[in-house]
Amino acid sequence: MTLITEEIRAKATIYHGEEACQEKKQFLLKQVGLPEGLLPLQDVEECGYIEETGFVWLKQKKKTDHKFEKINKLVSYATEVTAYAESCKIRNLTGVKAKELLFWVTISEITIPSPNGDKVTFKSSAGPSRTFPAAAFVLEKGKEVKNEKIGAGLLDGKEAKAGVVEGAGGALPEVVEVKEV
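Numbering of the sequence shown is given in the numbering used here, commencing with residue -16 and proceeding in unit increments.
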C-alpha cells in the first residue's frame, strides 16, 4: 500500500532514476544536518519532495537490509520510505525497522542534537530510543558508479548523472552532467 496519493504527487518535485534519486537523497540528508550514510537504499526508482512541508519519499525496487558494521545493527528498508525532514530531524518516518535482539522495531524518528553533531538518536513508534555515534553512518566513499549507460553509449572512466524531473508541467529531462573521475 502506498502512502503517496495523487494529491501529494501534484504538490511535489519528483525525481526518477537511481542517480538522480541518490543525489537528491544525499543532498536532503546534508541539508538537514544528518549523516549522509543514514539511508543506504539501493535501486531507488523515485524520490519526491514537498519543500513547503518537508515531506519526502523514496521508492526502491525491492526491500533492502543493511548492516551498519560499526554499531553491529541490522536495519530493514521497505520498498517505500516516507518522512518529514526538518533541521536536525526526520519525523513520522515509515518503512524503516531495526533489529533489536529477536524483534524488529519500527523507527519513527531520527534526530541529531545539532547539524553535523556527533550522536544520532533513533526513536521507535513504541517509545524507546537508542543513541549511536554519527560516525557509524558516514557515507562510504568508493561505492559510486563509475560507468553509466546513457542511451546506447557508455562513458568509460567518467561519472554520469542523469534523471527525469517531474513538476507541475509534467516530466522533463534533467540536465546530464559528465565529469572526469
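For glycine and all other residues, C-beta sits at the position ideal for the given N, C-alpha and C.
Range covered by the beta strand (DSSP E) that runs through residue i
i: F10; result: From DSSP, F10 is part of no beta strand (DSSP E) but of the alpha helix (DSSP H) over E1 to V15.
i: N208; result: Since the first residue shown for the chain is -16 and the last is 164, residue 208 is missing from the structure and cannot be characterised.
i: E35; result: Segment: none, E35 is in no beta strand (DSSP E) and carries neither H nor E.
i: F115; result: S112 to P116
i: I54; result: That residue, I54, is in no beta strand (DSSP E); it is neither H nor E in DSSP.
i: I90; result: F86 to T94
i: K46; result: K46 -> no beta strand (DSSP E), and no H or E assigned at all.
i: S97; result: Per DSSP, S97 belongs to no beta strand (DSSP E) and is neither H nor E.
i: V103; result: K102 to S107
Simplified DSSP state of residue i, which is helix, strand or coil
i: I(-3); result: strand
i: E(-10); result: helix
i: A190; result: With the chain covering -16 to 164 only, the question about residue 190 has no answer from this structure.
i: A61; result: strand
i: E131; result: Residue confidence for E131 is low, a pLDDT of 32 falling below 50, so the modelled location carries little weight and cannot support an answer.
Burial state of residue i, where buried means 16 or more other Cβ atoms lie within 10 Å
i: E1; result: buried
i: A3; result: buried
i: F86; result: exposed
i: A(-5); result: buried
i: E(-10); result: exposed
i: G140; result: Confidence in G140 is poor, its pLDDT being 37 and thus under 50, which makes the residue's placement unreliable; the coordinate value appears in the next sentence. G140 should be labelled exposed.
For residue j and residue i, believed in contact at Cβ under 8 angstroms, the rounded distance
i: A117; j: K53; result: Going by Cβ atoms, the distance from A117 to K53 rounds to 10 angstroms, so no, they are not a contact pair.
i: I90; j: K102; result: Actually they are not in contact, since the Cβ atoms of I90 and K102 sit about 16 angstroms apart, beyond 8 angstroms.
i: V27; j: K42; result: 7 angstroms
i: G16; j: N99; result: 6 angstroms
Any non-hydrogen atom of the ligand GTP closer than 7 angstroms to residue i Cβ
i: Q14; result: No copy of the ligand GTP appears in this structure; indeed no ligand is present at all.
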